[in-house]
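K.L.:
Chains as they are written, first to last, in the numbering used here: chain A, 105 to 274; chain B, 22 to 423. Heads up, the beta-carbon is just placed ideally off N, CA and C, and yes, glycines get one too. Since the structure is predicted, the reported quantities are computational estimates derived from the model, not experimental observations.
1) So is residue 20 of chain B in contact with chain A if we call contact Cβ pairs under 7 Å?
2) Tell me where the beta strand (DSSP E) around residue 87 of chain B begins and ends.
3) Compile a chain-ordered list of the residues in the segment 376-407 of chain B whose CB is closer than 8 Å to at least one CB of chain D.
4) With 7 Å set as the bound, which would you pick, yes or no: does the beta-carbon of residue 181 of chain A sit closer than that to a beta-carbon of chain B?
5) Please list the partners that residue 272 of chain A has in chain B, where partner means a Cβ-to-Cβ separation under 9 Å.
6) If you check the beta carbons only, do residue 168 of chain B and residue 233 of chain B fall under 7 Å apart?
7) For a contact meaning CB atoms closer than 8 Å, what does residue 255 of chain A contact in chain B?
8) Please compile the residues from chain A whose C-beta is within a distance smaller than 8 Å of the C-beta of residue 444 of chain B.
9) With a threshold of 7 Å between beta carbons, is residue 223 of chain A in contact with chain B?
10) So the beta strand (DSSP E) residue 131 of chain B belongs to, where does it begin and stop?
11) Helix, strand or coil: how does DSSP classify residue 373 of chain B here?
12) Can you tell me whether residue 93 of chain B sits near the ligand GTP, meaning its C-beta is under 6 Å from at least one heavy atom of the ligand?
13) Determine, for residue 188 of chain A, whether the minimum Cβ-Cβ distance to residues of chain B falls below 7 Å.
14) Could you check the C-alpha separation between residue 281 of chain B and residue 179 of chain B for me, to the nearest Å?
15) At the level of alpha carbons, what is the spacing between residue 51 of chain B and residue 84 of chain B?
16) With a Cβ-Cβ cutoff of 7 Å, do residue 325 of chain B and residue 360 of chain B count as a contact?
17) Does residue 20 of chain B pass the burial test, meaning 16 or more other C-beta atoms within 10 Å, or should it be called exposed?
18) Which of helix, strand or coil does DSSP assign to residue 312 of chain B?
19) Is the distance from the Cβ of residue 378 of chain B to the Cβ of residue 327 of chain B below 7 Å?
20) Here's the rule I'm using: 16 or more other beta-carbon atoms within 10 Å means buried, otherwise exposed. How should residue 308 of chain B be labelled?
21) Measuring alpha carbon to alpha carbon, tell me which of B:228, B:355, B:115 ends up nearest residue 260 of chain B.
22) Taking the alpha carbon of residue 275 of chain B as the reference point, which residue from B:230, B:161, B:243 has its own alpha carbon closest?
23) Report the rounded CA-to-CA distance for residue 156 of chain A versus residue 388 of chain B, giving the unit in angstroms.
24) Show which residues of chain B have a CB atom less than 7 Å away from the CB atom of residue 167 of chain A.
25) Do residue 3 of chain B and residue 107 of chain B have their C-beta atoms within less than 7 Å of each other?
26) Starting from residue 226 of chain A, find everything on chain B with Cβ-Cβ shorter than 7 Å and list it in chain order.
27) Do the CB positions of residue 384 of chain B and residue 375 of chain B come within less than 7 Å of each other?
28) Taking only three categories from DSSP, how would you classify residue 165 of chain B?
29) For residue 257 of chain B and residue 209 of chain B, I'd like the C-alpha separation in whole angstroms.
30) Spatial neighbours of residue 261 of chain A within its chain, please: CB distance less than 6 Å, with the 5 preceding and 5 following residues excluded, ordered by chain position.
31) Does the contact criterion of 3 or more C-beta pairs under 8 Å hold for the segment 348-358 of chain B versus the segment 395-402 of chain B?
32) With a threshold of 7 Å between beta-carbons, can residue 193 of chain A be considered close to chain B, or not?
33) Using a Cβ-Cβ cutoff of less than 6 Å, which residues in the same chain neighbour residue 256 of chain A once the five nearest sequence positions on both sides are dropped?
34) In the DSSP output, what is residue 368 of chain B paired with across the bridge?
35) Could you tell me if residue 394 of chain B is buried or exposed, where buried requires 16 or more neighbouring beta carbons within 10 angstroms of its beta carbon?
36) Excluding five sequence neighbours on each side, which residues of the same chain lie with their C-beta closer than 6 Å to the C-beta of residue 116 of chain B?
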């Protein structure tokens with residue numbers, strides 16, 4: 105009886121060890137070069153398992169009233185969700201057309217004071233959202249009022265940077 | 022006991038058929054990128070980031086892909102993310118095709134010629150593969166159309182001065198064959214009356230199917246014809262003549278059942294509302310609408326598969342339904358939808374549709390339809406659906422069943 109038990113125990117152990125080895129191989133195989141190195145992007149607010157210290161908050165509603173003209177005002181919130189002070193937070197905004205990689209026409213840069221844990225600050229930008237593709241430089245097939253991209257990048261020493269990309273549709 | 026233990030071990034090792042494949046399932050490598058496409062399962066994103074992209078073409082080996090990015094020819098390994106640019110900024114590329122030696126030839130307009138841009142001002146250039154404009158070599162001027170040979174190479178139709186010297190000159194075109202960037206071009210001496218706007222080559226490479234715009238003079242816009250050109254003696258035969266006012270979009274597609282092509286009223290504007298799928302009918306000059314796609318089907322572009330038994334069609338079941346990629350089985354006449362368009366804008370230019378060499382996938386260009394502003398959590402370079410990007414759609418073989 106004891107022998108049967110030992111045989112069964114040995115069999116189960118061998119099964120678990122072999123299955124574990126296969127699962128390890130499977131996880132290694134999934135990172136082959138044929139996989140996409142860039143994970144699929146999620147719309148903002150879709151949720152994330154990690155909780156970064158430096159966070160940008162840009163609700164889509166703030167973008168609704170923007171016009172393709174100079175003097176457009178837009179605010180973005182910079183939040184410290186970490187446990188320590190964040191000093192010298194830099195916030196950069198790039199504005200460029202979606203239908204070409206040739207030119208990035210507008211760059212804006214703001215530097216914030218120290219953010220204490222849980223503190224948020226609102227940064228306001230005054231933007232020139234005039235159509236950034238003059239007719240003579242418009243690539244073939246580009247719509248007269250192409251989509252415009254606003255890319256916000258926040259950085260502070262010692263924490264992971266935060267990024268928000270807003271796409272304005274005509 | 023030993024047998025019992027052996028069975029337990031074997032079932033863990035996966036040596037018993039039909040069991041362990043379920044226990045240890047390796048996820049497909051493309052699963053991560055498929056879910057973001059907006060076209061349903063299985064569709065894979067091939068490019069990311071902003072930029073005007075179009076005219077995708079897979080290399081004969083299927084390992085690389087070329088496309089036009091902001092008017093420059095770009096190429097990359099199929100699933101890598103960093104394309105290299107192959108043409109300079111002094112050339113506005115519109116389209117590129119692979120040559121048998123692995124190089125590319127591109128149709129485009131030189132910067133100095135862009136002021137006088139017209140439909141026939143394009144030239145054919147050999148592409149060196151280096152990011153220097155000086156290596157772009159002009160091969161043929163005034164190119165109207167180009168079509169790939171089944172075994173590699175390119176047939177080009179270019180306008181030439183009319184030899185007749187008439188007062189009201191009819192435009193004349195000549196065909197040329199390019200088999201490699203270092204190979205001299207072959208010229209077919211017998212000309213074609215009219216301007217060739219699209220062409221495709223027969224599977225055996227002996228004939229070309231042409232869309233030709235014939236100019237009747239007197240200020241008329243001309244009339245489109247579908248012609249068959251025989252390379253051996255330069256003879257042309259009429260396959261179909263379209264009513265005046267109708268135009269052919271792209272190249273007529275050579276199939277065992279005649280030429281399939283997209284045509285419609287030329288005066289109806291940019292949207293492909295009135296365009297439909299037609300085919301030539303043996304013994305008749307009048308083309309007929311392809312009934313297999315259904316009444317009311319709106320077609321934008323079509324491309325025949327490498328094995329000539331399926332036709333990929335970008336279109337809509339009816340004017341109010343979403344644009345999708347459909348595959349028409351030319352033998353059975355069945356029409357399958359290959360994409361589930363959730364909220365995507367698909368480019369409808371005929372050049373923005375391409376088969377893979379093995380006939381297993383189709384590449385198209387699309388972006389997410391946005392009705393308002395959208396905010397994402399990643400840099401623009403990592404976004405796909407917000408901008409026009411390349412998507413690889415799996416296509417079932419004609420004999421497969423669900």
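P.N.:
Once the coordinates are examined:
1) Since the first and last residues shown for chain B are 22 and 423, residue 20 of chain B lies out of range.
2) 85-90
3) Note that chain D does not occur in the displayed structure, where the protein chains are A and B.
4) No, no contact with chain B.
5) Counting only Cβ-Cβ distances below 9 Å, residue 272 of chain A has contacts in chain B at 391, 393, 394, 395, in chain order.
6) No.
7) Near residue 255 of chain A (Cβ distances below 8 Å), the residues of chain B are 400, 401.
8) The question about residue 444 of chain B has no answer here: the residues shown for chain B are numbered 22 through 423.
9) no
10) For residue 131 of chain B, the enclosing beta strand (DSSP E) begins and ends at 125-131.
11) helix
12) This structure does not include the ligand GTP; it has no bound ligands of any sort.
13) No, residue 188 of chain A lies away from the interface with chain B (no Cβ there is under 7 Å from its Cβ).
14) Pairing residue 281 of chain B with residue 179 of chain B, the inter-Cα distance amounts to about 23 Å.
15) Only weak support is given to the placement of residue 51 of chain B: the predicted model assigns it a pLDDT of 37, under 50, and the question is left unresolved by the model.
16) no
17) Residue 20 of chain B is absent from the model: chain B starts at 22 and stops at 423.
18) helix
19) yes
20) Residue 308 of chain B counts as buried, since at least 16 other C-beta atoms from the protein chains shown sit within 10 angstroms of its C-beta.
21) B:228
22) B:230
23) 30 Å
24) 394
25) Chain B is shown only over 22 to 423; residue 3 of chain B falls outside these bounds and no answer can be derived.
26) Neighbourhood of residue 226 of chain A in chain B, by CB distance below 7 Å: empty, with the nearest CB roughly 16 Å away.
27) Cβ distance < 7 Å, so residue 384 of chain B and residue 375 of chain B count as in contact.
28) Three-state result, residue 165 of chain B: strand.
29) 12 Å
30) none
31) no
32) No, residue 193 of chain A lies away from the interface with chain B (no Cβ there is under 7 Å from its Cβ).
33) 160, 180, 197, 268
34) Note: residue 368 of chain B sits in no beta bridge, so no partner.
35) buried
36) 76, 128, 372
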